[in-house]
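Those sequence lines, one after another, are chains A and B.
Under the numbering used here, residue 378 is the last one in the first sequence; the count climbs by one each step, no gaps.
Under the numbering used here, residue 378 is the last one in the second sequence; the count climbs by one each step, no gaps.
For each residue, glycine too, the CB sits at the ideal point set by N, CA and C.
Because the structure is a prediction, the values reported are computed rather than measured.
Number of protein chains: 2
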Amino acid sequence: MTDRPRSTWCRDAILPGIALACVLGTAIGAEAQALKEVQTPDTLLVLKAQGSFFVGGDKTDQTDVELGNLGPAGHIAVNQMYVRFMVPQDGADNVPVVMVHGATLTGKSWETTPDGRMGWDEYFVRKGHPVYVPDQVGRGRSGFNQAVFNNVRAGKAAAADQPALFRFSDEVVWPNFRFGLKPGVPFLDSQFPASAVDELAKQGVPDVSRLLPTPNPTFKALTDLATQLRGAVLMGHSQSGAFPLEAALLNPAASRALVLVEPGRCPDTYTAEQIKVLATVPILAVFGDHRDTPTGISIRPSWQLSFEGCQALLGRIKAAGGDTRMLNPADQGIRGNSHMIMQDKNNQQIADLILQWIDAHVGKRSGGNK
Amino acid sequence: MTDRPRSTWCRDAILPGIALACVLGTAIGAEAQALKEVQTPDTLLVLKAQGSFFVGGDKTDQTDVELGNLGPAGHIAVNQMYVRFMVPQDGADNVPVVMVHGATLTGKSWETTPDGRMGWDEYFVRKGHPVYVPDQVGRGRSGFNQAVFNNVRAGKAAAADQPALFRFSDEVVWPNFRFGLKPGVPFLDSQFPASAVDELAKQGVPDVSRLLPTPNPTFKALTDLATQLRGAVLMGHSQSGAFPLEAALLNPAASRALVLVEPGRCPDTYTAEQIKVLATVPILAVFGDHRDTPTGISIRPSWQLSFEGCQALLGRIKAAGGDTRMLNPADQGIRGNSHMIMQDKNNQQIADLILQWIDAHVGKRSGGNK
Chain A
9 MTDRPRSTWC RDAILPGIAL ACVLGTAIGA EAQALKEVQT PDTLLVLKAQ
59 GSFFVGGDKT DQTDVELGNL GPAGHIAVNQ MYVRFMVPQD GADNVPVVMV
109 HGATLTGKSW ETTPDGRMGW DEYFVRKGHP VYVPDQVGRG RSGFNQAVFN
159 NVRAGKAAAA DQPALFRFSD EVVWPNFRFG LKPGVPFLDS QFPASAVDEL
209 AKQGVPDVSR LLPTPNPTFK ALTDLATQLR GAVLMGHSQS GAFPLEAALL
259 NPAASRALVL VEPGRCPDTY TAEQIKVLAT VPILAVFGDH RDTPTGISIR
309 PSWQLSFEGC QALLGRIKAA GGDTRMLNPA DQGIRGNSHM IMQDKNNQQI
359 ADLILQWIDA HVGKRSGGNK
Chain B
9 MTDRPRSTWC RDAILPGIAL ACVLGTAIGA EAQALKEVQT PDTLLVLKAQ
59 GSFFVGGDKT DQTDVELGNL GPAGHIAVNQ MYVRFMVPQD GADNVPVVMV
109 HGATLTGKSW ETTPDGRMGW DEYFVRKGHP VYVPDQVGRG RSGFNQAVFN
159 NVRAGKAAAA DQPALFRFSD EVVWPNFRFG LKPGVPFLDS QFPASAVDEL
209 AKQGVPDVSR LLPTPNPTFK ALTDLATQLR GAVLMGHSQS GAFPLEAALL
259 NPAASRALVL VEPGRCPDTY TAEQIKVLAT VPILAVFGDH RDTPTGISIR
309 PSWQLSFEGC QALLGRIKAA GGDTRMLNPA DQGIRGNSHM IMQDKNNQQI
359 ADLILQWIDA HVGKRSGGNK
């Protein structure tokens, strides 16, 4: 789709004043967002605190081979979850929001958008909420357990023992993330910044989900994080869209609300008892537009099926007395939103709808916190 | 070294008020830093901007197998470098500082310390410098090219074709990072927060350096970043300690200064012409204490050898007219600093020495920037 020589030329030519010509010269700009595309907000960001920490983690002992032969056998930490946070100046009374990313991605999903606009992490902080952005266990700065790969390399395990590492191709992303039916041809009303699709591609990392123990340690880590925060709104996206439900089942008291953004699948196997627990927590599901687009991948023929599955689950929870809502912006005339709705050009408009729902259904936090 | 049942118990008991007893009850606390250990600064942090973006990156076409069979063959982005940044309120006139992490680690190295104190990223921002923290190409949020692993899994490549993925064991870290001669026994004057070694362990991620093309794409990405910033101080640590030298050779004009923090190795192969180029950029090398400690790993018998190699290189550069300095805090009576000097208990004291050197040798930036 993009010819290699030109792409290489573009990379070499990324110097002030030259980059733009390069972008215009290629079908999908290989350097649509250099640093210079990043926008500076009009007003200062005043933080009470920012930083990062880990939640959870296990010690495991590994052989010299499993450690890559850098030294003798010993212990390492695995299954920990990296979390970056920002707390606004006057946010102590507002409920924290935890934002979890989707498949083949990291917490970067919620930061500066591919075309350089403010991410939801900062936007929610500016609206007064402490924000916590993890990398799922096994992804990005959370690391993963490399032992099996080194064992396979050394002939101590069968090649089939190491799990597949997933990536979405740029071509699959167009229909699957609903930017357009075909690569390079955005929907006429598409809200995704089409010129920045190549920058989105750079957010891709290998997805080692199949390497993780069952249940996925991220569920427990999210529960522990919400507990340590003395209550939080848990927001998941795509692959992690249903993670907040799993976390809430482990400790519903710490889950002040669940926001399921374009979940890949809402479970249809919860028992009546589990539904009763979920009915104690306000739940919002948010979906974009063009959900009938054929995705071209086998695990999800269309996102409309995900929508209908979540509608059914939230219906069950509502019938059990729960406070649930399906938010479909297209119903309000807001058209063209993609799967990467937090990066869409109208991402602040969508964020405002979620913030209004949080204000109305969650209220202030009880008792201050850092 | 740490018994597994107790470690698990600690993980399960991480609730307010219970965690501390848990930490005290285990030789190396499995939960030394939960969120509650993270300290809130006394004064607000006022930012002109913060966010993240990518530098560089190549498009590569991959088969369905190489993509993990999530969809058909297509293109993905590889070799990009993730960068997170913070720009202080009044930092436009101060030179930006780029902080690159070491082996088996990510940009997290420079963030909140394992025991919850402010990292150098925020400290340098509070001292007026815009700060840019990358994940090296192939690490953390920069992702890596997973193709060969999926080919090996599918029997389309030999197991030996996939590179070893490195990790340091907790036991190796004690002598190698110079916390103490033996695991669990810190030097009497150690500046590293010994109770938080298990939290440092959580910063470990698989190191895929052997997967990368030659030269390491991080060199070019650092140069491009410095160029886009219209000049920056490039700071490397350990594995990346010498990266600033490589970046400066690609574009010395964009490298306002180089700070080599505990570099694993200073190259001894530079030509006279390369030395002449490096002599145009101020260079500071910083080393901690206890450098004679036997590390127990083959690639580096002791850090004193690294110190002497850098002393020799900086001597050559100085002889060519360069502005170089070996900073050995122990010479000033500041004892006990470790390899993870940016996380040591006196990390702000060390940072101040570096900031003073930057002030004296680099000066203000020429022309404003974001």
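Inter-residue Cα distance where the pair is residue 200 of chain A and residue 89 of chain B: So the two alpha carbons sit approximately 23 angstroms from each other.
Beta strand (DSSP E) segment containing residue 257 of chain B, residue limits: Note, residue 257 of chain B: premise wrong, no beta strand (DSSP E); alpha helix (DSSP H) at 251 to 258.
Environment of residue 178 of chain B [buried if 16+ CB atoms lie within 10 Å]: With 16 or more other Cβ atoms within 10 Å, it is buried.
Simplified DSSP state of residue 214 of chain B, which is helix, strand or coil: DSSP, reduced to helix, strand and coil, places residue 214 of chain B outside both helices and strands of the structure shown, so it counts as coil.
Continuous beta strand (DSSP E) assignments of at least 3 residues falling wholly in the region 76 to 137 of chain A: Runs of the beta strand (DSSP E) inside the region 76 to 137 of chain A: 82 to 96 and 105 to 108.
For residue 293 of chain A: DSSP bridge partner residues: Per DSSP, A:268 and A:334.
Pairwise C-alpha distance: residue 116 of chain B and residue 56 of chain B: Their backbone Cα atoms lie some 22 angstroms apart in a straight line.
Selected residue, minimal CA-CA separation from residue 135 of chain A, among A:145, A:102, A:109 and A:164: A check of alpha carbon separations from residue 135 of chain A across A:145, A:102, A:109 and A:164 identifies A:102 as the nearest.
Cβ pair count under 8 angstroms reaching 3, the region 74 to 86 of chain A against the region 92 to 100 of chain B: With the cut-off at 8 angstroms, the region 74 to 86 of chain A and the region 92 to 100 of chain B do not touch.
For residue 278 of chain B, the residue or residues it bridges with in DSSP: Its beta-bridge partners do not exist; DSSP assigns none.
Whole-angstrom C-beta distance between residue 155 of chain B and residue 161 of chain A, which should lie under 8 angstroms: With a beta-carbon spacing of about 15 angstroms, residue 161 of chain A and residue 155 of chain B fall beyond the 8 angstroms limit used to define contacts.
Cβ-based burial, residue 360 of chain B [other Cβ within 10 Å; buried from 16]: Classification of residue 360 of chain B: exposed, given that the 10 Å Cβ count is below 16.
Endpoints, beta strand (DSSP E) assigned at residue 64 of chain B: Its beta strand (DSSP E) spans residues 53 to 70.
Residue burial classification, residue 290 of chain A (beta-carbon count within 10 angstroms, cutoff 16): Residue environment analysis places residue 290 of chain A among the buried positions, since at least 16 neighbouring C-beta atoms fall within 10 angstroms of its C-beta.
Classification of residue 169 of chain B by the beta-carbon crowding that lies within 10 angstroms, buried from 16 upward: When all chains shown are included, residue 169 of chain B counts as exposed.
Selected residue, minimal CA-CA separation from residue 143 of chain B, among B:301, B:261 and B:60: Here the closest residue by C-alpha is B:60.
For residue 169 of chain B, the three-state DSSP class (helix, strand or coil): The DSSP-derived three-state label of residue 169 of chain B is helix.
DSSP-derived helix/strand/coil call for residue 273 of chain A: Of the three classes helix, strand and coil, the one that applies to residue 273 of chain A here is coil, per DSSP.
Residue 263 of chain A beta carbon less than 9 angstroms from that of residue 226 of chain A: With a cutoff of 9 angstroms on beta-carbon distance, residue 226 of chain A and residue 263 of chain A are scored as not near each other.
Buried/exposed call for residue 320 of chain B, threshold 16 Cβ in 10 Å: Exposed.
Interface residues of chain A facing residue 207 of chain B [CB-CB closer than 7 angstroms]: At a C-beta separation below 7 angstroms, residue 207 of chain B has these neighbours in chain A: 62.
Nearest neighbour of residue 239 of chain A, chosen from A:218, A:256, A:130 and A:249 [CA to CA]: It is A:256.
Residue 220 of chain A versus A:194, A:245, A:196 and A:150, residue with shortest Cα-Cα distance: Each of A:194, A:245, A:196 and A:150 was checked against the Cα of residue 220 of chain A, and the nearest Cα belongs to A:150.
N- and C-terminal bounds of the alpha helix (DSSP H) containing residue 360 of chain A: Residues 355 to 369.
Whole-angstrom distance between residue 295 of chain A and residue 306 of chain A, CA atom to CA atom: Their Cα atoms are separated by approximately 20 angstroms.
Local Cβ density within 10 Å of residue 99 of chain B, reported as buried at 16 or more and exposed below that: Burial call: buried.
Pairwise C-alpha distance: residue 265 of chain A and residue 370 of chain A: Computed Cα separation, rounded: 7 angstroms.
Where the region 148 to 164 of chain A meets chain B: residues whose CB sits under 7 angstroms from a CB there: Hits within the stretch, in order: 148, 149, 151, 152, 154, 157, 158, 160, 161 and 163.
CA nearest to the CA of residue 122 of chain B, picked from B:277, B:202 and B:300: Minimum Cα distance to residue 122 of chain B is reached at B:202.
N-terminal and C-terminal residue of the beta strand (DSSP E) that residue 206 of chain B is part of: For residue 206 of chain B, there is no enclosing beta strand (DSSP E); the enclosing alpha helix (DSSP H) has its first and last residue at 205 to 209.
Cβ neighbours of residue 250 of chain B in the same chain (closer than 8 angstroms, five flanking residues each side left out): 244, 268, 271, 272, 273, 274 and 275, listed in sequence order.
7 angstroms Cβ cut-off: residues of chain A touching residue 210 of chain B: Residues of chain A passing the Cβ test: 62, 65, 85 and 88.
is_contact[residue 97 of chain B, chain A] using C-beta, thresh 9 angstroms: True, the Cβ-Cβ gap to chain A drops below 9 angstroms.
Limits of the unbroken alpha helix (DSSP H) element including residue 234 of chain B: In this chain, the alpha helix (DSSP H) harbouring residue 234 of chain B covers 225 to 236.
Terminal residues of the beta strand (DSSP E) in which residue 242 of chain A lies: It spans 240 to 245 - the beta strand (DSSP E) in which residue 242 of chain A sits, taken as one unbroken run.
Members of the region 212 to 229 of chain A near chain B, C-beta cut-off 8 angstroms: Hits within the stretch, in order: 212, 213, 214 and 215.
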